[in-house]
Amino acid sequence: MTLNIDWENLGFTYMNLPYRFIAHFKDGQWDNGGLTEDATLHLSESSPALHYGQQAFEGLKAYRTKSCEIQLFRPDQNAERLQRTARRLLMPEVPTELFINAAKAVVKANHQYVPPYESGGSLYLRPLLIGVGDVIGVQPAQEYIFTIFAMPVGNYFKGGLTPTNFIVSRDFDRAAPHGTGAAKVGGNYAASLLPGQKAHDAGYSDVIYLDPATHTKIEEVGSANFFGITKDNEFVTPLSPSILPSITKYSLLYLAEHRLGLKASEGDVYVDDLEKFSEAGACGTAAVISPIGGIQNGDNYHVFYSETEVGPITRQLYNELVGIQKGDVTAPEGWIYKV
Ligand code: PLP
Ligand code: COI
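Under the numbering used here, the first residue of the sequence shown is numbered 234, with each subsequent residue one higher.
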């Protein structure tokens, strides 16, 4: 079968692929789960996921290597983050083995949809954990669905490795101090829809969120973490309990230090002190590494390296990260799972 897909221009849009994995939690345990062709979830109208947001999701990717094999990048980290999120929302943890086997099964079953090596695309996997069943009080569900579906994707931000611009949100936060910012729950994204829309309407790629307590420090770049390269070549990324602990960010912290020989740290990134950075970017599974051209902060517009060219260290980090993900660069121990 030949698929009628324009691999080079995928963007980030839903596609209904032939197979997805689904498992059910009932009477205190997970069943084995399995693949299904049914792309519709069947759940009670009173499911806590629908009313009270008792749900969580993940995002990870499968990559086609030059020799046409398929591999996943750090799926164990996504499994662990989903377990942390589950604990925060009183949901049952999905065991790492179930998570990874489900991810592999979905990739294998839809292998024709993993974009070719040369296209620059990948297969995005969306694991989802939802509280279901007949509950109407504000309390945890007794039953849960865990599913993973997938779709081929390209760039999340339009520019790819071309820088795009962002705007600081002062009227809206995505998360509260001691809230659920560090958990990957839908409510955080619901809160980001309005500021995100306003940013797009004003011509920016997305919103820069500040720390909700003081509005002085950068926290997130839309659905991605922030990083900057200081003028004396240090990789710096925000540290805060209300940002999502990005697996890409932790991978870059490691690669900056161990492969590029930079100092690398997490710490405060004051929005009024951007002068110290020579480059900046957004990082995440969907965003990969997206260079930040400029940031609009009130009346102040700050340009980092350039509005049109990616900076040299951001490019090196990109080459190292994507090289590992696509099998061209030797990965640190345990980062790659062959499918
Ligand atoms: N921050 C937010 C709010 C996100 O939604 C994501 C996406 O998962 C990230 C950061 C990046 O995390 P990761 O690198 O694990 O994909
Ligand atoms: C990801 O990078 O996997 C994300 O979850 C971002 C997404 C909300 C599009």
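Every residue gets a Cβ at the ideal spot worked out from N, C-alpha and C, and that includes glycine.
Problem set entry | Given Val347 as reference, the closest of Thr298, Gln310, Arg307 and Ala374 once Cα atoms are compared | Thr298
For this session: Report, in whole angstroms, the separation of the C-beta atoms of Ser473 and Asp367, which I expect to be a contact under 8 Å.
Result: No, Ser473 and Asp367 are not in contact; Cβ-Cβ is about 38 Å, not under 8 Å.
For this session: Check whether the Cβ of Ser511 lies closer than 7 Å to any heavy atom of the ligand COI, and answer yes or no.
Result: no
For this session: Measure how close the beta-carbons of Ala295 and Val572 come, nearest whole angstrom, since I'm counting them as under 8 Å.
Result: 6 Å
Problem set entry | Classification of Asp406 by the beta-carbon crowding that lies within 10 angstroms, buried from 16 upward | buried
Exercise. Do Leu293 and Thr518 have their C-beta atoms within less than 8 Å of each other?
Worked result: yes
Exercise. At a cut-off of 7 Å, is Thr518 close to the ligand COI when judged by its beta-carbon and the heavy atoms of the ligand?
Worked result: yes
Exercise. From Ile378 to Val521, what does the alpha carbon distance come to, in whole angstroms?
Worked result: 28 Å
Problem set entry | Alpha carbon of Ala489 to alpha carbon of Thr246, nearest angstrom | 31 Å
Problem set entry | For Arg253 and Val340, the rounded distance between their alpha carbons | 9 Å
Problem set entry | Cβ pair Phe399, Ile441 closer than 8 Å | yes
Problem set entry | Cβ separation of Phe382 and Leu250, assumed to be a contact under 8 Å, to the nearest whole Å | 7 Å
For this session: Return the chain-ordered ranges of every alpha helix (DSSP H) run that is complete within the region 398–437 and spans a minimum of 4 residues.
Result: 419–434
Exercise. How is the beta strand (DSSP E) around Ala342 delimited, first residue to last?
Worked result: No beta strand (DSSP E) holds Ala342; the alpha helix (DSSP H) holding it covers Thr329 to Ala342.
Exercise. Which class does Ile238 belong to by DSSP, given the choice of helix, strand or coil?
Worked result: coil
For this session: Check whether the Cβ of Gly292 lies closer than 7 Å to any heavy atom of the ligand COI, and answer yes or no.
Result: yes
For this session: Say yes only if the C-beta of Tyr551 is nearer than 7 Å to one or more non-hydrogen atoms of the ligand COI, and no if none qualify.
Result: no
For this session: Specify, as a first and last residue, the run of the alpha helix (DSSP H) that Pro308 falls within.
Result: Pro308 to Arg321
Exercise. Looking at Ile480 and the ligand PLP, is the gap between the Cβ and the nearest heavy atom below 7 Å?
Worked result: yes
For this session: State yes or no: is the C-beta of Lys523 nearer than 7 Å to some heavy atom of the ligand PLP?
Result: A small correction: the amino acid at residue 523 is Ser; Lys does not occupy that position in the sequence shown. Incorrect: Ser523 has no Cβ contact closer than 7 Å to the ligand PLP.
Exercise. On the three-state DSSP scale, how would you describe Gly366?
Worked result: coil
Problem set entry | Nearest-angstrom Cα separation, counted from Gln372 out to Val555 | 42 Å
Exercise. With respect to 7 Å, is the separation between the Cβ of Ser456 and the closest non-hydrogen atom of the ligand PLP below this value?
Worked result: yes
For this session: With hydrogens ignored, establish whether the beta-carbon of Tyr252 is closer than 7 Å to any heavy atom of the ligand COI.
Result: no
For this session: Please work out which residues of its chain come closer than 7 Å, Cβ to Cβ, to Thr318, disregarding the five sequence neighbours upstream and downstream, and give them in chain order.
Result: Ala289, Ala416, Lys417 and Val418
For this session: Can you grab the Cα-Cα spacing for the pair Leu243 / Ser438, in whole Å?
Result: 18 Å
Exercise. Whole alpha helix (DSSP H) runs in the region 460–539 with 4 or more residues, listed along the chain?
Worked result: 480–491
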